[in-house]
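Visitor:
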Amino acid sequence: TACIIQGMLGAKNAAAFDLAAACPGFVYGLTVAKGLMQIDNRPVLVIATEIMSRTINWNDRNTCCLFGDGAGAVVLKNSEQPGGLGFHLIGADGTGYLAIHREGGVRTEETAREKPGDLKMDGRSVFNFAVRSFCDIIAKSMEHYGWSEKDLTWIVPHQANVRIIDAAVKRINVPVEKFYVNIDRFANTSSASIPIALDEMSKQGLLRRGNRLILAAFGAGLVYGGLAVEWTK
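Below you can see the structure in the form of structure tokens.
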């Protein structure tokens with residue numbers, strides 16, 4: 004997909020590659036881009052796209068009503084200004100991969116010829132992992148910079164489930180008003196949810212130079228990713 008987009012843009016000198024990290028894919032993409040830009044000064048286009056409607060079972064009410072299709076993108080460039088992409092925390096717990104999976108998606112000798120099935124999810128396992136991951140990302144980011152909740156402008160979470168956000172709020176010292184939420188309008192657009200939220204926030208004038216943000220996401224794998232950002236635009 005990345006190579007197709009590169010060709011359509013006519014960006015003939017750009018490298019292009021796809022990255023799969025489920026719902027935290029955008030945060031992983033920003034983290035990888037940050038590392039690459041430390042050795043190569045070219046700007047980076049990070050795109051997150053999801054068509055979840057192709058993978059869910061529309062007869063499974065545990066999943067079909069949760070997910071949406073969406074896309075978002077950002078352009079990153081090096082700058083002499085302070086701020087930008089800061090502390091990151093990415094990781095995974097591969098022992099829980101069955102909590103969100105597609106049957107046939109993991110290739111074995113027995114399933115090599117099978118077409119991947121529909122998305123299946125163990126809601127309770129995912130909920131517990133998500134709350135734990137969110138709290139860990141937020142706490143460690145704030146601890147890294149010595150931030151209090153007053154120093155933090157926004158938390159932009161992966162838009163998975165309002166109950167997950169509410170549970171995280173009860174465990175950390177950050178008011179719910181600092182969480183940007185739009186899941187009620189777009190559902191869970193997986194890796195695209197954070198860039199969609201950032202775009203909305205920018206258009207609404209909610210992001211100003213010097214604002215401090217924490218991006219936090221979790222997803223299939225089980226994978227998690229967080230990134231602290233000081234807005235510089």
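Using our numbering, you'd call the opening residue of the sequence shown number 4 and step up by one each time. Yeah, the Cβ is synthetic: ideal placement off N, Cα and C, and Gly gets one too.
#1: Could you tell me whether the Cβ atoms of V134 and L216 are closer together than 9 Å?
#2: Cα separation between F70 and F189?
#3: Report the residue ranges of all alpha helix (DSSP H) runs contained in full by the segment 170-225; include only those spanning at least 4 residues, in chain order.
#4: In its own chain, which residues sit with a C-beta less than 7 Å from the C-beta of T175, not counting the 5 before and 5 after it?
#5: Take the Cβ of G75 as the centre, count every other Cβ of all protein chains shown within 10 Å, and call the residue buried at 16 or more, exposed below.
#6: Just the Cα atoms here: how many angstroms apart are I167 and K181?
#7: Measuring alpha carbon to alpha carbon, tell me which of F90, N185 and A223 ends up nearest W150.
#8: Answer yes or no: do F29 and P198 have a C-beta to C-beta separation smaller than 9 Å?
#9: Using the DSSP secondary-structure output, state which residues sit across from I50 in a beta bridge.
#10: Would you decide whether C26 is buried or exposed? Buried here means 16 or more other CB atoms lie within 10 Å of its CB.
#11: Pairs of beta-carbons, one from the segment 215-234 and one from the segment 95-109, closer than 8 Å: are there three or more?
#12: Quick check on DSSP: helix, strand or coil for G97?
#13: Taking the CB atoms as reference points, tell me whether L79 and L88 lie closer together than 9 Å.
#14: In angstroms, rounded to a whole number, what distance separates the CA positions of E203 and S136?
#15: Apart from the five residues just before and just after R211, which ones in its own chain have a Cβ nearer than 7 Å to its Cβ?
#16: Here's a check: name, in chain order, each residue in its chain whose Cβ is nearer than 6 Å to the Cβ of S196, leaving out the five neighbours to either side.
#17: Mind pulling the alpha helix (DSSP H) runs of 4 or more residues that sit fully within the segment 126-155?
Guide: Checking against the coordinates, here is how it stands:
#1: no
#2: 8 Å
#3: 186-189 and 196-206
#4: In the sequence as displayed, the identity of residue 175 is Ile instead of Thr. Shown here for I175: same chain residues with a beta carbon closer than 7 Å to its own, the five before and five after excluded, namely C138, I141 and A142 in chain order.
#5: buried
#6: 15 Å
#7: F90
#8: yes
#9: A76
#10: buried
#11: Flag = yes, the segment 215-234 and the segment 95-109 touch.
#12: helix
#13: yes
#14: Rounded to whole angstroms, E203 to S136 spans 25 Å at the Cα level.
#15: Within the same chain, Cβ atoms closer than 7 Å to the Cβ of R211 are found at W234, the five residues on either side in sequence being excluded.
#16: H161 and Q162
#17: 126-148
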